[in-house]
């Protein structure tokens, strides 16, 4: 199994490709079905954000092997407008687009680690990690 | 263009989502269903999502929209067959799918639609025969 894969996100069919690739990594890491579903759902939310708010970007999918601990790390990067108020963007119900405002806050609940770095005018990088 | 098939059975419309839908396909389904309800005067819509491996906030919103629009057009919507892992993930994501009626499988969903419309209405192949 490759240790990582980079996928570009430029259309809504790329979002589907990201879901499928993340699923494959999670299956190969022998994630439980529930954890597979959580990380794939989180990937779908963030891939859509990258597309709609970031104007497209990439995701790096990495299989982590830390001795007894195995996990999956996804890093979404775009060079879009950035997020002016991250705290507000992380609130349940906050939306600028056509979702339900659960994308960021909900994804945070689905994973073990969540990191967001954003600079206005430069772009956004969101990293999520799910341990097995 | 890629489309999800909508089947008509008596007063009901049936949809089985068998593919990993990209967002445009989901929007097309929403539009197609709304048009079909209006054209066929359907009284119920049954959406089988047993093959869906995830429901994210976008698909959740589409399902909620379909339920709302069909209600305005005097039709009930039931979503059936959600996988347990999908249900658990949805709740943690923060989506409760408020306003969407659900049933465990197609059979129970059909029963729910029939009972909500009164037995005379729904589902029979020849429409009014059961009246």
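Chains as they are written, first to last, in the numbering used here: chain U, 733 to 864; chain V, -16 to 114. Beta carbons: idealized from backbone N, C-alpha and C, even for Gly.
Indicate the three-state DSSP secondary structure (helix, strand or coil) for residue 69/V in the structure shown.
Reduced to three states, the DSSP call for residue 69/V is helix.
Beta-carbon within less than 7 Å of residue 761/U's beta-carbon, same chain only, minus the 5 sequence neighbours each way: which residues are those?
Sequence-distant partners of residue 761/U (beyond 5 residues in either direction) whose C-beta falls short of 7 Å from its own C-beta, in its chain, are 795, 802, 804, 864.
What does the alpha-carbon distance come out to for the pair residue 13/V and residue 48/V?
So the two alpha carbons sit approximately 8 Å from each other.
Is residue 839/U buried or exposed, if buried means 16 or more other CB atoms sit within 10 Å of its CB?
Taking all protein chains in view, the Cβ of residue 839/U is crowded by 16 or more other Cβ atoms within 10 Å, so the residue is classified as buried.
Whole angstroms are fine: how far does the CA of residue 90/V sit from the CA of residue 783/U?
Rounded to whole angstroms, the separation of the alpha carbons of residue 90/V and residue 783/U is 38 Å.
Rounding to the nearest angstrom, what Cα-Cα distance links residue 80/V and residue 36/V in this structure?
Approximately 17 Å between the Cα atoms of the pair.
So, for residue 818/U: in the same chain, excluding its five sequence neighbours on each side, which residues have a beta-carbon less than 7 Å away from its beta-carbon?
If we look at residue 818/U and ignore the five residues flanking it on each side, its Cβ neighbours are 848, 850.
Kindly identify the DSSP beta-bridge partner or partners of residue 23/V.
Answer is none; residue 23/V lacks a bridge partner.
Using the beta-carbon of each residue, which ones in chain V are nearer than 7 Å to residue 748/U?
The contacting residues are 3, 5.
Sub-8 Å separation of residue 790/U and residue 858/U beta-carbons:
Contact flag unset, no.
Rounded C-alpha distance that separates residue 792/U from residue -3/V
Whole-angstrom Cα-Cα distance: 39 Å.
Answer yes or no: does any C-beta atom of chain U fall closer than 8 Å to that of residue 113/V?
With a pLDDT of 42 at residue 113/V, under the threshold of 50, the predicted position of this residue should be treated as unreliable, though the coordinate-derived value follows. Interface residue (Cβ-Cβ distance to chain U less than 8 Å): residue 113/V is not classified as such.
Note down, in chain order, each residue of its chain lying with its Cβ closer than 7 Å to the Cβ of residue 40/V, except the 5 sequence neighbours on either side.
Answer for residue 40/V: 76, 78, listed in chain order.
Could you check whether the Cβ of residue 72/V sits closer than 8 Å to any Cβ belonging to chain U?
At least one CB of chain U lies nearer than 8 Å to the CB of residue 72/V.
Of the residues that make up the region 67 to 94 of chain V, which ones have a beta carbon closer than 9 Å to any beta carbon in chain U?
Within the region 67 to 94 of chain V, the qualifying residues are 67, 68, 69, 71, 72, 73, 75, 76, 77, 78.
What does a CB cutoff of less than 6 Å around residue 821/U pick up in its chain, not counting 5 residues either side in sequence?
Excluding positions up to five away in sequence, the list reads 815, 836.
State the start and end residues of the unbroken beta strand (DSSP E) segment that holds residue 812/U.
For residue 812/U, no beta strand (DSSP E) encloses it, and the DSSP letter there is neither H nor E.
Does the beta-carbon of residue 60/V have 16 or more other beta-carbons within 10 angstroms, so that it is buried, or is it exposed?
Answer is buried; the Cβ neighbour count reaches 16.
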